[in-house]
Amino acid sequence: MEKNINRRDFLKLSGAALGTAALAGCQPKSAATSGTPASGSPAGEMEYRINPGNGDKVSLLGYGCMRWPQKPGPDGKDIIDQEKVNELVDYAIDHGVNYFDTSPAYLGGESERASAIALNRHPRKDFFWATKLSNFRDASREASLRMYRDSFEQLQTDYIDYYLLHSIGRGGNRAFETRYVENGMMEFLLKEREKGAIRQLGFSFHGNQKALDDLLALHGKYHWDFVQIQMNYMDWRHADGVRNVHAEYAYEQLDKLGIPITIMEPLQGGRLANVPDIVAEKLKERAPGRTVSSWAFRFAGSFPRILTVLSGMTYLDHLTDNVATYSGFQPLGKEDLAFLEEMASLMKAFPTIDCNDCKYCMPCPYGIDIPGIFKHYNQMVNEGNMAQSAGQEDFRKLRRRYLISYDRAIPTLRQASHCAGCKQCLEHCPQSIAIPRELRRIDAYVEKLKKADFGSKIL
Amino acid sequence: MHKKIRIALAALFFIGVTLLLLDISGSLHAWLGWMAKIQFLPAVLALNLAVIAGLILLTLLFGRVYCSVICPLGIWQDIVSNLSGRRKGKKSRFTASPERKWLRYGVWVLFVAALLAGVQVFVALLAPYSAWGRIVQNLFQPLYIWGNNLLAWIAERAGSYAFYPREVWLRSLPTFLIALATLVTVTVLAWKNGRTWCNTLCPVGTTLGFFSRFALFRPVLDLDVCVRCHHCEKNCKASCIDINAGTIDHSRCVVCFDCVDSCPLGGLKYRFTWKRKAAKAEPASAQADPARRAFLVGGLMAGAGALSARAQNTAAAAAEADKKRDGGFADILPKKEPVRTVPITPPGSLSVKDFYQHCTACQLCVAQCPNNVLRPSTDLEHLMQPRMSFERGYCRPECVRCTEVCPAGALRPITPEEKTTWHVGVARLDYNLCLPFSLDQECGNCARHCPAGAIRMVRKDPEAENSLRIPTVIEERCIGCGACENLCPARPISAITIDGLADGHKRD
């Protein structure tokens, strides 16, 4: 039998979160590890966490279904590559992953259906569904109910294991009020939970400390079964702080209340896989055999209150790497956590943009590839390819590299210079990035590059 | 030996000029630009007296060396003719023919009249270097760019920044057709009869032919040695040797030395000769004309066929480019060219009128424009001569490449600094299309990108403090670079567009 973590363990551990000092001694044990050492062998079993609320045995690696592989469809637009989704899901299930997180909004509204096609080839009892009420556009009761019911239709199930109010907290509790309270949906969902159609009810959170406090103050009223937060070694203490709460604070508060936590963006939308060269080198120096991304997953898994860590794995090698990390999982020790905190401070000094490539801002009505532009820019910053002045020695090389790779990454008509500044993207960004301003900043840099070298005959 | 030197020099010039016209890197004109500038007609139009005098002197000394060594269209015909001669039994396929004076001088007179009257279409059509420029830009540069794009594709996968892809697009249908028809005509004529084009239609050939009659060095027949085997005659691609009459028409001779090499007895020598009257040649069979006409027609039809195939290709390429888009991207309508009251010509031209008077429509600037701004005009008056438009890019402030490459003096070299003070057009606003009016939405992308600071955002409602801002143009500052038009989010017609200046370019 697997060993549940009881309430006392949690209380004991809650203090550890802050300093992380006590972690090494209090790691949750792997499931089915009675005889074998929990650590060391990469071929160990998947780490499971027990949901104290209902005893669910949830795999520490959860599958985020918002980044399924795509291929060009018959009409030229990309469609989900179902065959590959099936392969990924089969591999995941075979290796003990049992938590699948989707939403009616993901992948142009196709994620739920595609995920269900793949998962319904497996027994329903073998996995947990998590989906969301993503009523961003139309928060009316009718539309919300339609969306709720449609999820059951799409997933072809009678019950949803984990149901989330999708992305609340930004701009205070206004979104929560209008999307869930005023339209009576909260009342409805509580009833659905009583009926068992929803087994666990929670919310995914983006916002500042005040918004989190306000939502948690409602715990007595609604009883949040779980809360999904953005957590990774950057956001732990280096979130924006003003618009977005530090993950450390969020974790502590939830831990105090004994609310299980699911993690989103453990890899900051891939940014912690593509770190500045100097950081990548340090990570490799410390553990040459481990991937850069695995550090982010080890960090996220090292906190006991975490139920599952969601990763939107598009490729099989992402999946195998993560499975390896969480099989026979070894939480990070005090020193490693301190080391990651050092890396985070180092990275904070790089002027990257906090874009997680979630694509909520898309489609931009003017056709701009917003996440693509930010991703390219961040990569250039991280790889040390930003020119400081036209006078510097390798200016021509840097100029050429930025401009050519920019054109390669983004078609000219979708580049930052075409931003009209309509600000439609602003309200959609969970990271509260000042998108038009950042686009202008990048455009100004590109313009400077193009103009700075009048003598160039190359570009 | 003479022939070998001729071929070596011809290869040098032909490859040089063609590379210059193909070049997309912008780095070759520093090395090869002079090869365009010593072309005869561009030098005439640029009033480049040194070059004109040099070329005339060269011809007076050595004959029409220009036609064999410097003129790319002439060398092209030699290549074609040579290939044609490699067919079995076709090596010595030429026959002597008399000078077609009425055609030659008729065309020449018309040409000069057109030049003086400013009917540039006719001038551009016949000018040999321009014709070659058009052929290369329209027909060969796309292949060159596709080759580059293949390398770019490989470079991208290899993580190299050595190559990057360029756009291939049809800049002007009429110009493309004319280039194709010219190539087909010239090639067919050369395949059949060698230098027919040069000795009947080409105005430069006629001009230089006038001087080459008096050339000091020229091929001379030694009738004492000659056994009348007619071998040289059959090898003369200019059809200017008449053994029966014992004459060589030096006005048509392009000093290729084929005859000198062909005579087994050494009966022809290229040597210093004081002026000797060119004997009248006998009339020869006039079989070329109907055939030529037939080929002209055939050429045009073949051209049309190839063109429609090309149009389909570009459509398919556009669809292919669209295919890669994620479902999460809004479609972007391609821009359409607005109606411009006055065409826009590049900075470096004195005025629209002056520009069009000097331009030989060789397409060198079009081929070199890295921003896809320049393209040949389609209106009859300026057919094939370049004008500016901004659907695919705008005249970037740091770029002055077209002014550097122009061999005809239509564009004079300027610096980027001068360019910032050079007004080629002025922006006009159509508020019906402008976002603060059409969508009641903030924009200002034109103002953000105006390099001259000519666009100011002002309150739509001057009374309201928080009014939406609308763009206005300070006409005095606008240089007409087209950044605003190109980057205006209104599509397919921009809300802000550039008009040429009716009374010519202005300088600050």
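Residue numbers (the working numbering), protein chains in the order written: chain A, 7 to 465; chain B, -18 to 489.
Ideal Cβ placement from N, Cα and C applies to all residues, glycine included.
None of the values given here were measured: they were computed from a predicted structure.
Item	Value
Write down every uninterrupted run of the beta strand (DSSP E) in the segment 154 to 223 of chain A whose length is 3 residues or greater and which is fully enclosed by it, in chain order.	166 to 174 and 204 to 211
By the DSSP assignment, the alpha helix (DSSP H) with Val315/A in it spans what residues?	Segment Ile312 to Ser317 is the beta strand (DSSP E) holding Val315/A; no alpha helix (DSSP H) there.
For Arg273/B and Ala476/B, what's the separation of their Cα atoms in angstroms?	The predicted model places Arg273/B with a pLDDT of 43, which falls under 50 and marks its position as unreliable; any figure quoted below should be read in that light. Whole-angstrom Cα-Cα distance: 51 Å.
Does the Cβ of Ser395/A have 16 or more other Cβ atoms within 10 Å, making it buried, or fewer, making it exposed?	exposed
Any residues in the segment 421 to 443 of chain B with a beta carbon nearer than 9 Å to a beta carbon of chain A? Which ones, in chain order?	Gln422, Glu423, Cys424, Gly425, Asn426, Arg429, His430 and Pro432
Would you say Ile448/A lies against chain B (beta-carbon separation less than 9 Å)?	no
Does the segment 87 to 104 of chain A touch the segment 143 to 159 of chain A, meaning 3 or more C-beta pairs lie closer than 8 Å?	no
In the DSSP assignment, what residue or residues form a beta bridge with Asp223/B?	Thr228/B
Output, in chain order, the set of chain B residues within a Cβ distance shorter than 9 Å of Leu413/A.	Looking at the sequence shown, residue 413/A is not Leu but Asp. Near Asp413/A (Cβ distances below 9 Å), the residues of chain B are Tyr145 and Pro146.
For a contact meaning CB atoms closer than 8 Å, what does Gly373/A contact in chain B?	Phe310, Ala311, Asp312 and Ile313
Consult DSSP for Val50/B and reduce its assignment to one of helix, strand or coil.	helix
Within 10 angstroms of its Cβ, does Ala389/B collect 16 or more other Cβ (buried), or is it exposed?	buried
Name the chain A residues whose beta carbon is nearer than 7 Å to that of Leu416/B?	Ala426
Give a yes or no on whether the minimum CB-CB distance between Arg356/B and chain A is below 9 Å.	no
Decide if the segment 327 to 347 of chain B is in contact with the segment 109 to 119 of chain B; the criterion is three or more beta carbon pairs, one per stretch, under 8 Å apart.	yes
Does any CB atom of chain A fall closer than 9 Å to the CB of Leu0/B?	no
Grab the span of the beta strand (DSSP E) containing Ile479/B for me, first residue to last.	Ile477 to Gly481
List the whole-angstrom C-beta distance separating Ile460/B from Thr401/B, where the pair is believed to meet the contact cut-off of C-beta under 8 Å.	7 Å
Flag this pair as yes or no: are the beta carbons of Ala464/B and Tyr375/B separated by less than 9 Å?	yes
Okay, do the segment 179 to 186 of chain B and the segment 45 to 53 of chain B touch, 3+ Cβ pairs below 8 Å being the bar?	yes
Measuring alpha carbon to alpha carbon, tell me which residue in Cys469/B, Ile325/B, Ile60/B and Asp484/B is nearest His424/A.	Cys469/B
Nearest-angstrom Cα distance between Trp127/B and Glu148/B?	9 Å
For Arg119/A, which three-state DSSP category applies?	helix
Counting contacts by CB-CB distance shorter than 9 Å, is Arg119/A in contact with chain B?	no
Look at the Cβ atom of Gln437/A, then the Cβ atom of Cys361/A, and state whether they are nearer than 9 Å.	yes
In the DSSP assignment, the alpha helix (DSSP H) including Asp107/A goes from what residue to what residue?	Here Asp107/A belongs to no alpha helix (DSSP H); instead the beta strand (DSSP E) covers Tyr105 to Asp107.
At a CB distance below 9 Å, what residues from the segment 383 to 417 of chain A approach chain B? Give them in sequence order.	Lys403, Arg406, Arg407, Leu409, Ile410, Ser411, Asp413, Arg414 and Pro417
Cβ of Met368/A less than 9 Å from any chain B Cβ?	yes
Assign Pro337/A to one of three DSSP states: helix, strand, or coil.	coil
Which first and last residues belong to the alpha helix (DSSP H) in which Lys18/B is found?	His10 to Lys18
Look at the alpha carbon of Phe356/A and the alpha carbon of Val315/A, and state the distance between them as a whole number of angstroms.	26 Å
Rounded to a whole number of angstroms, what is the C-alpha to C-alpha distance between Lys72/B and His212/B?	10 Å
Quick test of your reading: Gly7/B and Arg382/B, contact by CB under 8 Å. State the CB separation rounded to the nearest angstrom.	6 Å
Taking C-beta pairs closer than 8 Å, name the residues in chain B that Lys197/A reaches, listed in chain order.	The contacting residues do not exist; Lys197/A stays about 35 Å from chain B at best.
Arg405/A to Ala440/A, Cα distance in whole Å?	26 Å
Terminal residues of the continuous alpha helix (DSSP H) containing Thr181/B?	Thr177 to Thr181
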